[in-house]
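Quick notes on the structure that follows.
2 protein chains.
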Amino acid sequence: MAGIASDMIRGNTDTILLRFLCEKDSYGYEINKQILKLTDGQYGLNEATLYTAFKRLERAGYITSYWGNENQGARRRYYTVTQEGRAAYEANRNEWQNAKRLLERLIEDGKD
Amino acid sequence: MAGIASDMIRGNTDTILLRFLCEKDSYGYEINKQILKLTDGQYGLNEATLYTAFKRLERAGYITSYWGNENQGARRRYYTVTQEGRAAYEANRNEWQNAKRLLERLIEDGKD
DNA sequence: TAAGATACCTTATCTGTCAAGGTATATTGA
DNA sequence: TCAATATACCTTGACAGATAAGGTATCTTA
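Just so you know, the protein sequences line up as chains A and B, in that order.
End of the first sequence = 112 in the working numbering, gap-free, step of one.
End of the second sequence = 224 in the working numbering, gap-free, step of one.
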């Protein structure tokens with residue numbers, strides 16, 4: 001997933017994770033599969049990026065975590081979005097929409 | 113211009129500069145003023161970012177530069193986009209449009 | 001004559017991403 | 001039975017782009 005596309009998504013990683021956690025508690029591996037599915041396999045988070053982002057969000061107080069009690073299969077660390085996390089998601093979503101508008105002007109309006 | 117919005121634009125800096133240079137030869141200070149104008153003052157490149165990007169583009173062979181012969185005022189380094197630069201702009205623009213579509217799915221489709 | 005605008009540049013530092021490595025368990029097919 | 005694959009987590013070191021802060025030099029304006 002290297003290259004420009006991933007650099008374009010940079011800065012939105014946290015927002016994407018929060019979006020999924022706003023729907024329901026989940027864990028890293030599952031969220032990444034959902035991302036891949038939603039993008040038809042065009043985008044997925046590198047694992048190091050994924051777990052770094054979870055740590056960042058937890059440190060910021062936007063999510064909390066707990067171990068699931070799987071009685072079979074690999075263990076899972078579940079994440080729950082906090083009230084602050086929901087607010088951050090809304091704010092980030094607005095920021096994305098604003099940034100999108102600006103980029104459309106800056107990149108696309110100069111079409112030949 | 114710190115914060116999330118600037119991180120969202122990261123990865124598009126080169127594309128933005130190429131877009132302006134595809135219209136006409138220009139120099140750093142002028143392009144930055146155009147960016148500010150197009151975004152109603154909402155976004156402008158940090159100078160260090162700006163000149164770093166020019167260097168990167170020149171090293172990549174996407175632009176060339178020459179000193180303008182101003183007989184008054186501060187000296188200006190003008191940039192010209194190359195054929196490869198135009199091709200890169202088109203490719204980047206497509207990548208941006210693709211990334212935009214993905215981000216809309218990943219961020220916006222989960223609306224409440 | 002000082003302040004502000006124009007115009008360029010460098011350095012050190014920060015942050016997010018990523019490749020590469022690791023651990024452990026369960027399932028599936030040869 | 002046993003190797004491969006999928007699930008699921010984590011850490012480390014390196015890299016690239018963005019930035020704050022500093023600098024230089026000229027011209028205009030109050």
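Idealized CB from N, CA, C, for every residue including glycine.
No experiment lies behind these values; they were computed from the predicted model shown.
Assigned exposure category for residue i - 16 Cβ within 10 Å defines buried
| i | result |
| --- | --- |
| residue 127 of chain B | buried |
| residue 62 of chain A | buried |
| residue 12 of chain A | buried |
| residue 144 of chain B | buried |
| residue 93 of chain A | buried |
| residue 187 of chain B | exposed |
| residue 60 of chain A | exposed |
| residue 99 of chain A | buried |
Residues that DSSP places opposite residue i in a beta bridge
| i | result |
| --- | --- |
| residue 63 of chain A | A/81 |
Beta-carbon spacing of residue i, residue j below 8 Å
| i | j | result |
| --- | --- | --- |
| residue 190 of chain B | residue 180 of chain B | yes |
| residue 28 of chain A | residue 54 of chain A | yes |
| residue 150 of chain B | residue 38 of chain A | no |
| residue 155 of chain B | residue 121 of chain B | yes |
Where residue i falls: helix, strand or coil (DSSP)
| i | result |
| --- | --- |
| residue 27 of chain A | strand |
| residue 69 of chain A | coil |
| residue 109 of chain A | coil |
| residue 43 of chain A | coil |
| residue 144 of chain B | helix |
| residue 48 of chain A | helix |
| residue 124 of chain B | coil |
Residue i CB to nearest heavy atom of the ligand SAH below 7 Å
| i | result |
| --- | --- |
| residue 80 of chain A | Questions concerning the ligand SAH fall outside what the structure shown contains, since it holds no ligand whatsoever. |
Q | chain A contacts made by the stretch 146 to 168 of chain B, where a contact means CB separation under 7 Å | A | 147, 150, 151, 154, 155
Q | the stretch 189 to 214 of chain B: positions lying closer than 8 Å to chain A by Cβ | A | 204, 205, 207, 208, 209, 210, 211, 212, 214
Q) In chain order, what residues of the stretch 123 to 137 of chain B put their CB closer than 8 Å to some CB of chain A? A) 123, 124, 127, 128, 131, 132, 134, 135
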